[in-house]
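The structure under discussion appears below in the form of structure tokens.
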Amino acid sequence: MVRAMKYNKLAGTEIRVSSVGFGCWAIVGDATWGPQDENEAIAAMRAALDAGITLFDTAEMYGNGLSEQFIRKALGDRRDRVVLATKVMSTHLEPAALCQSCEQSLRNMGTDYIDLYQVHWPSRTIPFPETIGILEELRKSGKIRAYGISNFGPVDLKSFMESGGHPVSNQMAYNLLFRAVEFEVQPLMAKHHVSMLCYSPLMQGLLTGKFRSAEDVPAGRARTRHYGKNHPGVRHGEAGAEKETFEAIAEIREVSDELREPIERVALAWLLRQPTVASAIAGARNPGQACKNAAAAELVLPEVVVARLAAATDPLKTRLGPNADMWQSESRIR
105 MVRAMKYNKL AGTEIRVSSV GFGCWAIVGD ATWGPQDENE AIAAMRAALD
155 AGITLFDTAE MYGNGLSEQF IRKALGDRRD RVVLATKVMS THLEPAALCQ
205 SCEQSLRNMG TDYIDLYQVH WPSRTIPFPE TIGILEELRK SGKIRAYGIS
255 NFGPVDLKSF MESGGHPVSN QMAYNLLFRA VEFEVQPLMA KHHVSMLCYS
305 PLMQGLLTGK FRSAEDVPAG RARTRHYGKN HPGVRHGEAG AEKETFEAIA
355 EIREVSDELR EPIERVALAW LLRQPTVASA IAGARNPGQA CKNAAAAELV
405 LPEVVVARLA AATDPLKTRL GPNADMWQSE SRIR
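All you need for this note's numbering is the position in the sequence shown, starting with 1, plus 104.
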């Protein structure tokens, strides 16, 4: 069964986002993703829009504003067709700094409003009410249409709302190989009607099926809690879950082969069936990848397949547990 791109309203708003979004971190090229050609990045974003993707998610810290500038170059003449989401760093949440960051993002993207302005990580020094006050002012002034949060676990999410915040979304790491949000975060979001935007929906390339073992993964990406503590750049002290990870990938590949569908398409289609999920924000570095991501919205998995994929990754879910921080044992997400 197929369908065209689906569009979902962010909770409590009239903002409609494509069920598959475009993640704009990798397009700047860095130590994690490697070099990136600017023209290829711009072509990827244009191809994504032509394929039905309307949500483009970036952050001021991606390439120190370069990602936002690429958006202006690629989509500036198509502003009325896109939903622009960006994020402010946790170190810029003091009122004056927050206003300044918002203005800089507006200039970078060449727009006079941001559809969704997100707090990238919770601050441990600036009280939530101060941040919320400025976000509300930005919304009322028309600088932003709505605000959301990112990397807020159950404690911070509840505290933010109790401080008077009304986030329309919470952006979290969520995919078949990292299901920590299902323990506590997702149920709380469902209860309070907060939409989920999912980053790393393909687990930094693992769910494309091109890596057969941990040794095949580029060093810059082999840093999450899936990998053992001896990998370069790892910031946790855990043994990792490499066995469970690659056993799960093998089972997902088996299901995909039976369906005669690419593994990444199946992984994204599974994610889109999960509660509270408004959009899976998938990165793309060229037009081909962007079009492949968009095509995942056309695939509707039967309920039996959705359950089978969940069962295949349950051992990994159990091993990694409810810590929603993919990188650190001492979670920054609480």
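Virtual Cβ for every residue (Gly too), placed ideally from N, Cα, C.
Rounded straight-line distance, which links the Cα of VAL186 to that of LEU159: On the sequence shown, position 55 is the one that residue 159 refers to. On the sequence shown, position 82 is the one that residue 186 refers to. Their Cα atoms are separated by approximately 6 Å.
Buried versus exposed, by CB contacts within 10 Å (16 or more), ARG327: Taking the first residue of the sequence shown as position 1, residue 327 is located at position 223. Classification for ARG327: buried.
For ALA277 and SER299, believed in contact at Cβ under 8 Å, the rounded distance: Within the sequence shown, residue 299 is the residue found at index 195, counting from 1. Within the sequence shown, residue 277 is the residue found at index 173, counting from 1. Not really, about 16 Å apart at Cβ, beyond 8 Å.
With 16 other Cβ atoms within 10 Å as the buried cut-off, status of HIS297: For the purposes of this step, residue 297 is taken as the residue at position 193 of the sequence shown. Burial call: exposed.
Straight-line gap, TRP129 to GLU240 (C-alpha atoms, nearest Å): Reading the sequence shown from its first residue, position 25 is the one you call residue 129. Reading the sequence shown from its first residue, position 136 is the one you call residue 240. Rounded to whole angstroms, TRP129 to GLU240 spans 27 Å at the Cα level.
Counted within 10 angstroms of its Cβ, other Cβ atoms place LYS247 as buried (16 or more) or exposed: For this step, residue 247 is matched to residue 143 along the sequence shown. Classification for LYS247: buried.
In chain order, each alpha helix (DSSP H) run of at least 4 residues that lies wholly inside the region 320-366: 346-363
Distance between beta carbons of PRO233 and GLY268, contact taken as under 8 Å: Translated into positions along the sequence shown, residue 268 becomes position 164. Translated into positions along the sequence shown, residue 233 becomes position 129. With 8 Å as the limit, GLY268 and PRO233 qualify as a contact, their Cβ atoms being about 6 Å apart.
With 16 other Cβ atoms within 10 Å as the buried cut-off, status of LYS295: Numbered from its first residue, the sequence shown carries residue 295 at position 191. With fewer than 16 Cβ atoms within 10 Å of its Cβ, LYS295 is classed as exposed.
Bounding residues of the alpha helix (DSSP H) (the contiguous stretch that carries ASN212): Residue mapping note: residue 212 aligns to position 108 of the sequence shown, counting from 1. Here the alpha helix (DSSP H) through ASN212 covers 199-213.
Burial state of ASN334 (16 or more Cβ within 10 Å): Numbered from its first residue, the sequence shown carries residue 334 at position 230. Classification of ASN334: exposed, given that the 10 Å Cβ count is below 16.
Contact belief for SER194 with GLU164 at Cβ below 8 Å, rounded distance in angstroms: Within the sequence shown, residue 194 is the residue found at index 90, counting from 1. Within the sequence shown, residue 164 is the residue found at index 60, counting from 1. Not really, about 11 Å apart at Cβ, beyond 8 Å.
Proximity below 8 Å, CB of LEU372 to CB of ALA400: To locate residue 372, count along the sequence shown from 1; it is residue 268. To locate residue 400, count along the sequence shown from 1; it is residue 296. Against a cut-off of 8 Å, the Cβ pair of ALA400 and LEU372 comes out as a contact.
Sequence-distant residues of the same chain with beta carbon closer than 8 Å to LEU281, five excluded per side: Working through the sequence shown from its first residue, we reach residue 281 at position 177. Cβ within range, chain order: MET307, LEU310, LEU311, HIS330, THR349, ALA352, ILE353, THR417, LEU420.
Segment limits, beta strand (DSSP E) that includes ALA384: Here residue 384 refers to the residue found at position 280 when the sequence shown is read from its first residue. From DSSP, the beta strand (DSSP E) with ALA384 extends over 381-387.
Cβ neighbour criterion (16 or more within 10 Å) applied to GLU368: Here residue 368 corresponds to residue number 264 of the sequence shown, with the count starting at 1. With 16 or more other Cβ atoms within 10 Å, it is buried.
Beta carbon of LEU202 nearer than 8 Å to that of ILE238: Taking the sequence shown and counting its residues from 1, one reaches residue 202 at position 98. Taking the sequence shown and counting its residues from 1, one reaches residue 238 at position 134. For LEU202 and ILE238, yes; Cβs fall inside 8 Å.
For LYS113, the first and last residue of its enclosing beta strand (DSSP E): Walking along the sequence shown from the start, residue 113 turns up at place 9. Residues 111-113.
Contact check, VAL223 vs THR235, beta carbons under 8 Å: On the sequence shown, residue 223 is found 119 positions in, with the first residue counted as 1. On the sequence shown, residue 235 is found 131 positions in, with the first residue counted as 1. Contact: yes.
Limits of the beta strand (DSSP E) - the one that LEU170 falls within: Here residue 170 corresponds to residue number 66 of the sequence shown, with the count starting at 1. Run containing LEU170: none in the beta strand (DSSP E); it sits in the alpha helix (DSSP H), 170-179.
Neighbour-count burial assignment, GLN290, 16 or more Cβ in a 10 Å radius: Reading the sequence shown from its first residue, position 186 is the one you call residue 290. By the 10 Å Cβ count, GLN290 comes out buried.
Secondary structure of ALA416, DSSP reduced to three states: As a position in the sequence shown, residue 416 is number 312, starting the count at 1. Here ALA416 sits in helix by DSSP.
Closest by C-alpha distance to GLY156, when choosing among ALA398, TYR251, PRO231: On the sequence shown, position 52 is the one that residue 156 refers to. Checked all of ALA398, TYR251, PRO231; the closest Cα to GLY156 is ALA398.
contact_flag[the region 401-411, the region 142-154] where n(CB pairs < 8 Å) is 3 or more: no
SER123 versus ARG339 - alpha carbon distance: Taking the sequence shown and counting its residues from 1, one reaches residue 123 at position 19. Taking the sequence shown and counting its residues from 1, one reaches residue 339 at position 235. Using only the alpha carbons, I get a separation of about 32 Å.
For VAL223: DSSP bridge partner residues: Residue mapping note: residue 223 aligns to position 119 of the sequence shown, counting from 1. The partner list for VAL223 (beta bridge, DSSP) reads VAL192, ILE253.
CB-CB length for ALA323 against LEU424, believed under 8 Å: Indexing the sequence shown from 1 puts residue 323 at position 219. Indexing the sequence shown from 1 puts residue 424 at position 320. At roughly 21 Å, the Cβ-Cβ gap does not stay under 8 Å, so ALA323 and LEU424 are not in contact.
Residue environment, LYS314, which counts as buried when at least 16 other CB atoms sit within 10 Å: Indexing the sequence shown from 1 puts residue 314 at position 210. LYS314 is exposed by the Cβ-count criterion.
CB of ALA386 within 8 Å of CB of GLY127, strictly: Taking the first residue of the sequence shown as 1, we reach residue 386 at position 282. Taking the first residue of the sequence shown as 1, we reach residue 127 at position 23. Closer than 8 Å, so yes.
Cβ-based burial, ARG316 [other Cβ within 10 Å; buried from 16]: As a position in the sequence shown, residue 316 is number 212, starting the count at 1. ARG316 comes out exposed.
Short CB-CB distance (under 8 Å) between HIS335 and chain D: No chain D appears in this structure, which consists of one protein chain only.
CB contact flag (LEU114, SER254, <8 Å): Here the question's residue 114 lines up with position 10 in the sequence shown. Here the question's residue 254 lines up with position 150 in the sequence shown. No. Outside cutoff.
GLY180 burial status per 10 Å Cβ neighbour count (16 or more: buried): As a first step, residue 180 is located in the sequence shown; it is residue number 76 there, counting from the start. It counts as exposed.
Residue burial classification, MET105 (beta-carbon count within 10 angstroms, cutoff 16): For the purposes of this step, residue 105 is taken as the residue at position 1 of the sequence shown. No answer about MET105 holds up, because its pLDDT of 35 lies below 50 and its placement is not dependable.
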